[in-house]
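A.B. asks: Dropping the structure in here first, questions after.
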Amino acid sequence: MIHNYLKLAFRNLWKHKLFSFINISGVAIGLTCFFLLALYVKDELSYDRSHEHADRIYRLSRTFLSKDGTVSLQLGHAAPPFGPLIKQDFPEVEEVVRLLETGGLFKYKEKAFNEENVFVADPNIFKVFTMNVLAGNKNNALDNPFSIMFSKPMAEKYFGSENPIGKVLRLDNQLTYTVTGVFEPLPAQSHFHPNFLVSFSTLNDNRVYGAEGLRSNWGNNSFSTYLLLPENYDVSKMVKAFPAFQNRNIEPLASTYSVLDLIKLTDIHLYSHLDSEIEANGDIQYVYLFSAIAFFILVIACINYMNLATATSATRAKEVGMRKVIGAARGQLVYQYLSESILLVFMAVIIAMFMVVLCLPAFNGFTQKELSIDSLLDPYFAAMIFGIALFTGLVAGSYPAFFMTSFEPIGVLKGKIGASLKNGMLRQTLVVVQFAIAVVLIISTAVVYSQMKYVKNFKLGYTKDQMVLLGMPDDSTLHFGGIRQRLKENSRILEVGRSSRIPSSRLLDSWDAFVMKGDSMAPTDITIKSLSVDEDFIPTYQIDMAAGRNFSTDFSTDKTNAFVLNETAVKVLGWDNVADAVGNRFKYGEIDGQIIGVTKDYHFESLHQKVAPIVMFNQQGRLQRVSVHITGDDLAGAMAHINEIWDEEFPNKPFEYEFLDQRFGRLYATEQTQQALFSIFAGIAIFISCLGLLGLSMFMAELRTKEIGVRKVLGASVGSLVSLLSKDFLKLVIISIIIASPIAWYGMQVWLEDFAYHTEIHWWVYPLAGVISIGIALVTVSYQSIKTAMINPVKSLRSE
Amino acid sequence: MLTITNLQKIFATEEVETTALNGINLTINDGEFVAIMGPSGCGKSTLLNIIGLLDNPSSGTYNFYGSDVEKMSERQRAQLRKGNVGFVFQSFNLIDELTVFENVELPLLYLKVPSKERDEKVEATLKRMNMMHRRNHFPQQLSGGQQQRVAIARAVVAKPKLILADEPTGNLDSANGKDVMNLLQELNEEGTTIAMVTHSPYDASFAHRTVNLFDGKIVTENFHV
Chain A
2 MIHNYLKLAF RNLWKHKLFS FINISGVAIG LTCFFLLALY VKDELSYDRS
52 HEHADRIYRL SRTFLSKDGT VSLQLGHAAP PFGPLIKQDF PEVEEVVRLL
102 ETGGLFKYKE KAFNEENVFV ADPNIFKVFT MNVLAGNKNN ALDNPFSIMF
152 SKPMAEKYFG SENPIGKVLR LDNQLTYTVT GVFEPLPAQS HFHPNFLVSF
202 STLNDNRVYG AEGLRSNWGN NSFSTYLLLP ENYDVSKMVK AFPAFQNRNI
252 EPLASTYSVL DLIKLTDIHL YSHLDSEIEA NGDIQYVYLF SAIAFFILVI
302 ACINYMNLAT ATSATRAKEV GMRKVIGAAR GQLVYQYLSE SILLVFMAVI
352 IAMFMVVLCL PAFNGFTQKE LSIDSLLDPY FAAMIFGIAL FTGLVAGSYP
402 AFFMTSFEPI GVLKGKIGAS LKNGMLRQTL VVVQFAIAVV LIISTAVVYS
452 QMKYVKNFKL GYTKDQMVLL GMPDDSTLHF GGIRQRLKEN SRILEVGRSS
502 RIPSSRLLDS WDAFVMKGDS MAPTDITIKS LSVDEDFIPT YQIDMAAGRN
552 FSTDFSTDKT NAFVLNETAV KVLGWDNVAD AVGNRFKYGE IDGQIIGVTK
602 DYHFESLHQK VAPIVMFNQQ GRLQRVSVHI TGDDLAGAMA HINEIWDEEF
652 PNKPFEYEFL DQRFGRLYAT EQTQQALFSI FAGIAIFISC LGLLGLSMFM
702 AELRTKEIGV RKVLGASVGS LVSLLSKDFL KLVIISIIIA SPIAWYGMQV
752 WLEDFAYHTE IHWWVYPLAG VISIGIALVT VSYQSIKTAM INPVKSLRSE
Chain B
53 MLTITNLQKI FATEEVETTA LNGINLTIND GEFVAIMGPS GCGKSTLLNI
103 IGLLDNPSSG TYNFYGSDVE KMSERQRAQL RKGNVGFVFQ SFNLIDELTV
153 FENVELPLLY LKVPSKERDE KVEATLKRMN MMHRRNHFPQ QLSGGQQQRV
203 AIARAVVAKP KLILADEPTG NLDSANGKDV MNLLQELNEE GTTIAMVTHS
253 PYDASFAHRT VNLFDGKIVT ENFHV
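As structure tokens, this is what we get:
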């Protein structure tokens, strides 16, 4: 019997080639999107799961509270003493491993590269994380100081085909390290990607960090600390014991300002968005968002199938009737139509697979992923595809199946079915749902676009264009004056300023601030972020002063005891008028001095963050970041000049630089990707919806051929007929706009709240989305309407 | 034997009620060939549909070979119809996407007849209808007369007790029409009961008995000898 059904299904598909094409391509496009997004979601969900103990590994995080109890800083890292102390105070913890991310100039023979993703790691790292060691002994490779392990690609980069074990290389031209092993890199789906592992005992050396610092430096929270816990361990119990643990080990009341917490390894990528993370993480919200988009596109494609199938049912009604007369039970007919739709969906699946393969490189391009086709062949994924195809076939086929088989056999054979098809309430509802989804996507695209434009044009309060960023070796701070002088000799260099951090990065450092209360200095409850700058930083970035003056070489105390605040800092410290702050005594950490000026607020961090209170002061030794403001007219010349001086000043350091506007772009990379994805999927949603609309309008026109003929005979013009045929569809599209607008408004409001500074959702977005969708729908429908309206009435009447 | 007693059929829409059949009493004996005649709209087809178990009467009783069927659900009627009743329509109602062979095979599929037996039966029937050479053609490729022969083949392939024909020659020219009538007569002579709705006195002359309907009532019955 199934053989008979399939044969008939194929013949039907072939007979209605155009509709089959519309139908299959709609479903195939929908499935392609669905599969691509499923690959993306699967990838996001698979982070850090390659480790054997993945479900027992937890990362320690540390939160600092302001005196008023509000969170001032949340770190995914902790101070170095925590690890060993936790192991000591909680004996049930099986292993504790600490990682310190660093980088530097690696030199082996004539090969020299600045390297990142260098992790100093406790020797038991391989007991916690499952990593494949290809050479060397994983049990002791990281035991001795100045041992280093290379990832396989890095070993090939430095040593080619030579055996890396035992090779000696220099780091930062100071210390020598011996290669003790080679490991296979962690998969892309990992929250950290070490290229090198350095033995933790190296840090005991005073030239590197010092054993004392490891024991007692509670302020240097840059160690990622991971715990391997026993099976079925109650993590909340340990977290509850952390306050007492801190008060015991750091100082009494330490728990009032420092909070420790644990997060499961496998949750880090999607749920952890702290102020410090090893790499930028993903976000579970996007997983939800993309899942939702994937689902909705599939829904749109299913609706297409349902609508076209019910519309075409008019032509197949006779078949249903006849089968019933002959003795087919309804169940058998339902089965027949379901197997037909499943067949169609499976054909679409095959096409979709090819399309996925074709689209994957481009998709990888803007999702910054390395998704591979192999995942499609993974048995679980293949089973999922099969399941989805079956499910889609069932869902898409169910309505036509039950609808068609409900026909009374006699009525059908007498041709009474056409009329009832014209006003299918359900079909109209489905078209509305379809277009509503498309309109939501259009509005979302418009809002994301306008927010990105807003960000681009936002007055940041500083200059971000033509800014070259250099990283100074620490030893250069003392003779920087000379370097600066030489750089400025070239007319293409406008200004050169130094700072501890550069705009577009986070401000993470803060000390206690004190102001005069009555006649003595009193500590404030306010967290003020610190930024070390030299006297040229403010002019380089063209930051405006609101009151007072910038640092100056004319005042010797400016290098030691002077502060410049931003407006927000002045406000939170309690001065109503910025000028009032100037001249006051101010103490920050151990530095006691005077406020000499106030800058206008500028958006140092991304627009996701509100402007923080900032105190700027000149602290030698922390000014490693150099910003060079150049004229835009001769980029190559300016860069050549900087390069030349760099090579002369630092002959052992490769010349590396970046542009601020590139960094700035990266701040919103996620949103840019979203914008691209939104526009693409909105486009696809509209396209599939229109395919459906096209098919529907063709059928409606066919059903109304006689009516059109009669109207023409009675004198109707082509124009009036076109509007007659198009009107019904437009009504549906307008209803869908009305339904979609509030949904889109709410969704985008939530999205925008993630930005501390965001655009409003302009009123014109709605009419714009409306005009776009109506326009597209009109073009789609009118093609058929005009065609039908132009037919010679004699023809259309005869056809009945 | 089919026995219809005091049968009524009323079609009700929201605004009007139409009495299509009103107090019909009719018995059709096994092996009989009955023609039903009457002007358009007198209820001929409605009666035929009820006889063929495609529809239920509004009131009255109908005994179909020993079963009371007037209250049966569509599902039960479908079950009973299957294999027991064959239909021939004026407009043939062949399924366009199926070949001649497949159209004729369809009732056997729903009766779950094994494949080999199916082939034999379909071939035998097609031979009998002289349509074997067209077995792989699609309905659109056949003439009207040929299509009706296929429809008759489909109606008889499962060897039903009863064949119902609704103006079987209505869409055919006289030569083809005569052909179809001869086929029906042959089937009847082999023992199949036939009830046929027709406008044509010539067609009716093939029957043993003609029932004349007017405004939903049987007005006369003529017996042919």
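Chains as they are written, first to last, in the working numbering: chain A, 2 to 801; chain B, 53 to 277. We put the beta carbon where it would ideally sit given N, CA and C, even for glycine.
Can you confirm whether A:Pro401, when its beta carbon is compared against all beta carbons of chain B, has any partner nearer than 9 Å?
C.D. replies: Taking the first sequence and counting its residues from 1, one reaches residue 401 of chain A at position 400. Taking Cβ atoms only, chain B never reaches closer than 9 Å to A:Pro401, which makes this a no.
A.B. asks: Can you list, in chain order, the residues of its chain with a C-beta nearer than 6 Å to that of A:Leu14? Leave out the 5 residues immediately preceding and following it.
C.D. replies: Looking up residue 14 of chain A in the first sequence gives position 13. Here the set comprises Ser21.
A.B. asks: Of the choices A:Phe35, A:Leu66 and A:Gly394, whose alpha-carbon is the least far from that of A:Asn24?
C.D. replies: Your numbering for residue 24 of chain A matches position 23 in the first sequence. Nearest option by C-alpha distance: A:Gly394.
A.B. asks: Counting only Cβ-Cβ distances shorter than 8 Å, please list the residues of the segment 315-327 of chain A near chain B, keeping chain order.
C.D. replies: Answer set for the segment 315-327 of chain A: Lys319, Glu320, Gly322, Met323, Arg324, Lys325, Val326 and Ile327.
A.B. asks: Can you grab the Cα-Cα spacing for the pair A:Asn250 / A:Val129, in whole Å?
C.D. replies: As a working mapping, residue 250 of chain A is identified with position 249 in the first sequence. As a working mapping, residue 129 of chain A is identified with position 128 in the first sequence. Cα-Cα distance, rounded: 25 Å.
A.B. asks: Below 8 Å CB to CB, which residues in the same chain sit around B:Gln199 once its five sequence neighbours on both sides are set aside?
C.D. replies: Residue mapping note: residue 199 of chain B aligns to position 147 of the second sequence, counting from 1. Phe144, Leu146 and Pro191, listed in sequence order.
A.B. asks: From the DSSP output, in three-state form, read off A:Asn644 for me.
C.D. replies: Against the first sequence, residue 644 of chain A aligns to sequence position 643. Helix.
A.B. asks: Are three or more beta carbon pairs between the segment 734-754 of chain A and the segment 436-447 of chain A nearer than 8 Å?
C.D. replies: yes
A.B. asks: Use the C-beta contact count for A:Ile87: other C-beta atoms within 10 angstroms, 16 or more gives buried, fewer gives exposed.
C.D. replies: Position 86 of the first sequence holds residue 87 of chain A. Buried, by the Cβ-count rule.
A.B. asks: Taking A:Val573 as the reference, give the member of A:Gln750, A:Leu187 and A:Ala514 with the closest Cα.
C.D. replies: Reading the first sequence from its first residue, position 572 is the one you call residue 573 of chain A. Closest in C-alpha terms to A:Val573, from the list A:Gln750, A:Leu187 and A:Ala514, comes A:Ala514.
A.B. asks: Give the interface partners of B:Ile147 over in chain A, defined as CB-CB distance under 7 Å, in chain order.
C.D. replies: Position 95 of the second sequence, counted from the start, is the residue given in the question as residue 147 of chain B. Result: Glu320 and Met323.
A.B. asks: Provide the residue span of the alpha helix (DSSP H) that contains A:Arg331, from first to last.
C.D. replies: Against the first sequence, residue 331 of chain A aligns to sequence position 330. Element bounds for A:Arg331: Arg331 to Thr368.
A.B. asks: Give a yes or no on whether 9 Å exceeds the smallest Cβ distance from B:Asp171 to chain A.
C.D. replies: Counting from 1 along the second sequence, the entry for residue 171 of chain B is found at position 119. Using beta-carbon distances, B:Asp171 does not count as an interface residue toward chain A, since no partner is under 9 Å.
A.B. asks: Under 9 Å, Cβ to Cβ, is there at least one residue of chain A near B:Gly104?
C.D. replies: Here residue 104 of chain B refers to the residue found at position 52 of the second sequence. Answer yes: the Cβ-Cβ gap between B:Gly104 and chain A drops below 9 Å somewhere.
A.B. asks: Which residues in chain B have a C-beta closer than 7 Å to the C-beta of A:Asn24? List them in chain order.
C.D. replies: Here residue 24 of chain A refers to the residue found at position 23 of the first sequence. Under the 7 Å cutoff, chain B gives no residues; its nearest Cβ is about 16 Å from A:Asn24.
A.B. asks: Would you mind telling me which residues of chain D sit closer than 7 Å to A:Gln750, beta carbon to beta carbon, in chain order?
C.D. replies: Among the chains of the structure shown, chain D does not appear; the protein chains present are A and B.
A.B. asks: Determine contact between the segment 146-164 of chain B and the segment 106-117 of chain B, defined as no fewer than three beta-carbon pairs at a distance below 8 Å.
C.D. replies: Fewer than three beta-carbon pairs drawn from the segment 146-164 of chain B and the segment 106-117 of chain B are found closer than 8 Å, and the two stretches are therefore not classed as touching.
A.B. asks: Smallest Cα separation from A:Phe660: which of A:Phe291, A:Gln467, A:Asp555 and A:Ser237?
C.D. replies: Here residue 660 of chain A is taken as the residue at index 659 of the first sequence, counted from 1. Shortest Cα-Cα distance from A:Phe660 to any of A:Phe291, A:Gln467, A:Asp555 and A:Ser237 involves A:Gln467.
A.B. asks: Kindly indicate if chain B contains any beta-carbon less than 9 Å away from that of A:Ala420.
C.D. replies: Within the first sequence, the letter at position 419 stands for residue 420 of chain A. Confidence at A:Ala420 is low in this model, with a pLDDT of 49, below 50, so the placement of that residue should be treated as unreliable; the coordinate-derived value is given next. It does not; no Cβ of chain B falls within 9 Å.
A.B. asks: Touch check for the segment 712-726 of chain A and the segment 479-491 of chain A: three-plus C-beta pairs under 8 Å?
C.D. replies: no
A.B. asks: In whole angstroms, what separates the C-alpha of A:Leu100 from that of A:Asp276?
C.D. replies: Stepping through the first sequence from its first residue, residue 100 of chain A is reached at position 99. Stepping through the first sequence from its first residue, residue 276 of chain A is reached at position 275. Roughly 17 Å separates the two Cα atoms.
A.B. asks: Could you tell me the distance, in whole angstroms, from the CA atom of A:Tyr603 to the CA atom of A:Ala547?
C.D. replies: Counting from one through the first sequence, the residue named residue 603 of chain A turns up at place 602. Counting from one through the first sequence, the residue named residue 547 of chain A turns up at place 546. Straight through space, the alpha carbons of A:Ala547 and A:Tyr603 are spaced by roughly 11 Å.
A.B. asks: Report the neighbours of A:Gln1 on chain B: residues whose CB is nearer than 8 Å to its CB, in chain order.
C.D. replies: Residue 1 of chain A falls outside the range modelled here, since chain A spans only 2 to 801, and no answer is possible.
A.B. asks: For B:Pro159, which residues in chain A fall below 9 Å Cβ to Cβ?
C.D. replies: Counting from 1 along the second sequence, the entry for residue 159 of chain B is found at position 107. The contacting residues are Ile327 and Gly328.
A.B. asks: Measuring straight from C-alpha to C-alpha, what distance separates A:Leu431 and A:Phe730?
C.D. replies: Along the first sequence, read from residue 1 onward, the residue named residue 431 of chain A stands at position 430. Along the first sequence, read from residue 1 onward, the residue named residue 730 of chain A stands at position 729. So the alpha carbons of these two residues sit roughly 12 Å apart.
A.B. asks: Between B:Leu99 and chain A, is there a C-beta pair that is closer than 9 Å?
C.D. replies: Position 47 of the second sequence holds residue 99 of chain B. No, B:Leu99 lies away from the interface with chain A (no Cβ there is under 9 Å from its Cβ).
A.B. asks: Give the residues of chain A in contact with B:Leu150, contact being defined as C-beta atoms less than 9 Å apart.
C.D. replies: As a working note, residue 150 of chain B is residue 98 in the second sequence. Going along chain A in sequence order, the residues near B:Leu150 (Cβ under 9 Å) are Asn5, Lys8, Leu9, Arg12 and Glu320.
A.B. asks: So which residues of chain A does B:Gly135 contact, with C-beta pairs closer than 8 Å?
C.D. replies: For the purposes of this step, residue 135 of chain B is taken as residue 83 along the second sequence, with counting starting at 1. Those within 8 Å of B:Gly135 in chain A are Gly328.
A.B. asks: Where DSSP assigns a beta bridge to A:Trp512, which residues make up the other side?
C.D. replies: Your numbering for residue 512 of chain A matches position 511 in the first sequence. Residue pairing of A:Trp512 in beta bridges, as defined by DSSP: A:Ile529.
A.B. asks: Hey, A:Phe587 and A:Leu508: beta-carbon distance below 9 Å or not?
C.D. replies: Counting from 1 along the first sequence, the entry for residue 587 of chain A is found at position 586. Counting from 1 along the first sequence, the entry for residue 508 of chain A is found at position 507. No.
A.B. asks: Using the Cβ count rule (16 or more neighbours within 10 Å means buried), how would you classify A:Tyr210?
C.D. replies: For the purposes of this step, residue 210 of chain A is taken as residue 209 along the first sequence, with counting starting at 1. With 16 or more other Cβ atoms within 10 Å, it is buried.
A.B. asks: Taking only beta-carbon positions, decide if B:Ala130 is within less than 9 Å of chain A.
C.D. replies: One-based indexing of the second sequence puts residue 130 of chain B at position 78. Yes, its Cβ sits closer than 9 Å to a Cβ of chain A.
A.B. asks: Would you kindly report the start and end of the unbroken beta strand (DSSP E) that includes B:Ser195?
C.D. replies: Counted from its first residue, the second sequence places residue 195 of chain B at position 143. It is not in any beta strand (DSSP E) - B:Ser195 carries neither H nor E in the DSSP assignment.
A.B. asks: Determine which residues share a DSSP beta bridge with B:Leu54 and list them.
C.D. replies: Translated into positions along the second sequence, residue 54 of chain B becomes position 2. B:Ile80 and B:Phe116, per the DSSP bridge assignment.
A.B. asks: For A:Lys16, would you say it is in contact with chain B, using Cβ-to-Cβ distances shorter than 9 Å as the test?
C.D. replies: The residue labelled residue 16 of chain A in the question sits at position 15 within the first sequence. So, interface residue.
A.B. asks: Could you name the residues of the same chain whose beta carbon sits closer than 6 Å to that of A:Leu38, not counting the 5 residues immediately before and after it, in chain order?
C.D. replies: As a working note, residue 38 of chain A is residue 37 in the first sequence. So the qualifying residues of the chain are Phe291 and Ala295.
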